[in-house]
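A.B. asks: Have a look at the structure that comes next, please.
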Amino acid sequence: DALIQILREPKNALTKQYQALFNLEGVELEFRDDALTAIAKKAMSRKTGARGLRSIVEGALLNTMYDLPSMDDVEKVVVDARVIEGDSEPKVIYATPETQQASGE
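Per this note's numbering, the very first residue in the sequence shown carries number 4; after that it's consecutive.
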């Protein structure tokens, strides 16, 4: 699908831009394949095409981007289709298991 290629392949691809933002906080950002498919489907259903991709990704990650600087020991954030569809928050993976259990993740 062309929209998935736009999300993934160019040098300045949207997913790479968000990964770079998270990297500034020392956190890896992973988009699962089903998330990319869900983003593309949502853009098609909104009839926004490639123009709407950024708002979909930003909507899914906004709370996490806001909270991340105050969170300790975060190693990775994983986005899957459920996040894009609004059914769950991004999965936060901590560097140490103790932190993960304490946060309820």
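Backbone N, C-alpha and C fix where the C-beta goes; we use that ideal spot for every residue, glycine too.
1) Looking at the unbroken alpha helix (DSSP H) that takes in K50, where does it start and where does it end?
2) With E61 as the anchor, note down where its alpha helix (DSSP H) starts and where it stops.
3) Do you know how far the Cα of E33 is from the Cα of V82?
4) Looking at L56 and L24, is the spacing between their C-beta atoms short of 8 Å?
5) In terms of residues, what are the limits of the alpha helix (DSSP H) holding V86?
C.D. replies: Concretely, from the data shown:
1) Where K50 is concerned, there is no enclosing alpha helix (DSSP H), because DSSP gives it neither an H nor an E.
2) Residues L56 to D70.
3) Their Cα atoms are separated by approximately 6 Å.
4) It is not a contact, given that the beta carbons lie outside the stated cut-off.
5) Here the alpha helix (DSSP H) through V86 covers A84 to I87.
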